[in-house]
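Be aware that the sequence shown starts at 1, since it is given in full-length UniProt numbering, and climbs by one per residue. Even for Gly, the Cβ is constructed at its ideal location relative to N, Cα and C. Note that this is a predicted model, so its numbers are computed, not measured. Notes follow once the structure below has been shown.
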Amino acid sequence: MSIAVIGAGKWGQGLHFAFSQKQTCLITSPHTKDLPNFVSIDEALECEYLVFALSAQGISAWLKEHFKNKGQKILLASKGIDTASCRFLDEIFLDFVDKRNFCVLSGPSFAAEVMQGLPCALCVSGFERALCEEFVGFFPDFIKAYAGDDVRGAEICGAYKNVLAIASGICEGLGLGNNARASLIARGLIEMHRFGAKFGAKEETFLGLSGAGDLFLTASSTLSRNFRAGLLLAKGKGKDEIISELKEVVEGIPTAFAVRQIAGREDIYTPIVREVAAILEGKDVRAALIDLLRKKD
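This is how it looks when you write it as structure tokens:
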């Protein structure tokens, strides 16, 4: 048995730390890093189990350039929607691997806290229960992992909550108070479920770790880069300036545009995402707030 993490950003390093507690775990990325058990991409691809923690926007190109299907079992830990194609990440992966070898990781989990060995609970969702259970068994004692079967629901939750975290950060940055932020998060959960239901996602997914759990975490803490992006938007800073200042991938930014385009195509009502995307394009944050409050539902 061998396992490798693909992607050595903060989340990739957090997962590498977690998986290394019970077995030898390799790690790789497009750029060499001074990390324990760092190996070349080719060596990592020889492992039976692969955990992907790459930026969502870079996955399609990475797979086309590097991936060689040798029957590896895949756990997708990236969260987002491919903006270039407006495809969900499972759709992209299933062009390269059998769905029986594919599952998705979701749930509330800041990389910094995982690296400290602090407790959390996560969900591994896949098309084959046995594969989910295999990955569940890799997690250390401080992570309680559950097996699930709602792949699309878990993936939508992981992507959508980042956009809602930006909205929550804007709310906080404008000093609108706890009542307003709680109201926004609650309505965001309903909006996220409405979007997911269009694609067959299960209601219980949005009420559990993947949905409410991850949303509450990401939309209420400065440990969230998406929440911090919202704080900066509230100060009048532009999208490119924020990305430069944070020096991290802010998945909620491209995801906002992808969700807006998909929602328009599928005729899904997504007012919060629509206003976040408009703000990212330069709309005044207070004007966006007024427009959001005028919505009938």
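C-beta contact flag for residue i and residue j at 8 Å
{"i": "residue 32", "j": "residue 41", "result": "no"}
{"i": "residue 108", "j": "residue 34", "result": "no"}
{"i": "residue 156", "j": "residue 102", "result": "no"}
{"i": "residue 189", "j": "residue 212", "result": "yes"}
{"i": "residue 178", "j": "residue 218", "result": "no"}
{"i": "residue 298", "j": "residue 90", "result": "The requested residue 298 does not occur in the structure, where the chain is confined to residues 1 to 297."}
{"i": "residue 248", "j": "residue 225", "result": "yes"}
{"i": "residue 242", "j": "residue 187", "result": "no"}
{"i": "residue 5", "j": "residue 84", "result": "no"}
Cβ-Cβ separation, residue j to residue i (assumed contact under 8 Å), whole Å
{"i": "residue 18", "j": "residue 185", "result": "About 27 Å separates the two Cβ atoms, so there is no contact after all."}
{"i": "residue 208", "j": "residue 168", "result": "That belief does not hold up - the Cβ atoms of residue 208 and residue 168 are roughly 20 Å apart, past 8 Å."}
{"i": "residue 51", "j": "residue 75", "result": "5 Å"}
{"i": "residue 182", "j": "residue 227", "result": "At roughly 14 Å, the Cβ-Cβ gap does not stay under 8 Å, so residue 182 and residue 227 are not in contact."}
{"i": "residue 123", "j": "residue 210", "result": "5 Å"}
{"i": "residue 111", "j": "residue 22", "result": "Not really, about 19 Å apart at Cβ, beyond 8 Å."}
{"i": "residue 127", "j": "residue 99", "result": "5 Å"}
Cut-off 6 Å between Cβ atoms - residues of its own chain near residue i, not counting five sequence neighbours on either side
{"i": "residue 80", "result": "56, 159, 251, 255"}
{"i": "residue 49", "result": "3, 73"}
Cβ-based neighbour list, residue i, same chain, cut-off 8 Å, excluding 5 preceding and 5 following
{"i": "residue 120", "result": "107, 108, 109, 113, 114, 142, 143, 144"}
{"i": "residue 330", "result": "Outside the modelled stretch of the chain, which goes from 1 to 297, sits residue 330, for which no answer is possible."}
{"i": "residue 37", "result": "16, 20, 24, 25, 26, 27"}
{"i": "residue 270", "result": "191, 194, 195, 259, 260, 263"}
{"i": "residue 197", "result": "203"}
{"i": "residue 216", "result": "108, 185"}
{"i": "residue 180", "result": "171"}
{"i": "residue 284", "result": "none"}
Spatial neighbours of residue i in its chain, beta-carbon cut-off 7 Å, leaving aside the 5 residues before and after
{"i": "residue 280", "result": "239, 253, 256"}
{"i": "residue 221", "result": "227"}
{"i": "residue 133", "result": "147"}
{"i": "residue 176", "result": "none"}
{"i": "residue 205", "result": "150, 153, 154, 157, 211"}
{"i": "residue 201", "result": "150, 152, 153, 156"}
{"i": "residue 246", "result": "225, 228, 229"}
{"i": "residue 95", "result": "none"}
Rounded separation between residue i and residue j - CA only
{"i": "residue 136", "j": "residue 104", "result": "11 Å"}
{"i": "residue 59", "j": "residue 30", "result": "11 Å"}
{"i": "residue 13", "j": "residue 39", "result": "13 Å"}
{"i": "residue 140", "j": "residue 72", "result": "22 Å"}
{"i": "residue 290", "j": "residue 282", "result": "15 Å"}
{"i": "residue 70", "j": "residue 78", "result": "21 Å"}
{"i": "residue 149", "j": "residue 131", "result": "11 Å"}
{"i": "residue 62", "j": "residue 117", "result": "30 Å"}
{"i": "residue 7", "j": "residue 44", "result": "11 Å"}
{"i": "residue 172", "j": "residue 147", "result": "34 Å"}
{"i": "residue 125", "j": "residue 154", "result": "7 Å"}
{"i": "residue 47", "j": "residue 138", "result": "14 Å"}
{"i": "residue 236", "j": "residue 2", "result": "48 Å"}
{"i": "residue 82", "j": "residue 93", "result": "11 Å"}
{"i": "residue 295", "j": "residue 288", "result": "11 Å"}
{"i": "residue 223", "j": "residue 65", "result": "33 Å"}
{"i": "residue 267", "j": "residue 88", "result": "17 Å"}
{"i": "residue 293", "j": "residue 244", "result": "31 Å"}
{"i": "residue 265", "j": "residue 277", "result": "16 Å"}
Run of the beta strand (DSSP E) containing residue i, from where it starts to where it stops
{"i": "residue 67", "result": "That residue, residue 67, is in no beta strand (DSSP E); it is neither H nor E in DSSP."}
{"i": "residue 144", "result": "143-148"}
{"i": "residue 207", "result": "Not the beta strand (DSSP E): residue 207 falls in the alpha helix (DSSP H), residues 203-207."}
{"i": "residue 121", "result": "120-126"}
{"i": "residue 28", "result": "25-28"}
Where the alpha helix (DSSP H) containing residue i begins and where it ends
{"i": "residue 136", "result": "129-136"}
{"i": "residue 279", "result": "271-280"}
{"i": "residue 157", "result": "151-173"}
{"i": "residue 262", "result": "252-266"}
{"i": "residue 52", "result": "That residue, residue 52, is in no alpha helix (DSSP H); its beta strand (DSSP E) goes 49-52."}
{"i": "residue 102", "result": "Residue 102 -> not in any alpha helix (DSSP H); beta strand (DSSP E) instead, spanning 102-106."}
{"i": "residue 5", "result": "Element bounds for residue 5: not the alpha helix (DSSP H) but the beta strand (DSSP E), 3-6."}
{"i": "residue 285", "result": "285-293"}
{"i": "residue 37", "result": "That residue, residue 37, is in no alpha helix (DSSP H); it is neither H nor E in DSSP."}
{"i": "residue 220", "result": "No alpha helix (DSSP H) contains residue 220, which DSSP labels as neither H nor E."}
{"i": "residue 248", "result": "Where residue 248 is concerned, there is no enclosing alpha helix (DSSP H), given that its DSSP letter is neither H nor E."}
Any chain D beta carbon closer than 8 Å to residue i
{"i": "residue 249", "result": "Looking at the structure shown, chain D is missing, and only one protein chain is on hand."}
Contact test: residue i Cβ vs the ligand GTP heavy atom, cutoff 7 Å
{"i": "residue 290", "result": "This structure lacks the ligand GTP; in fact it carries no ligand of any kind."}
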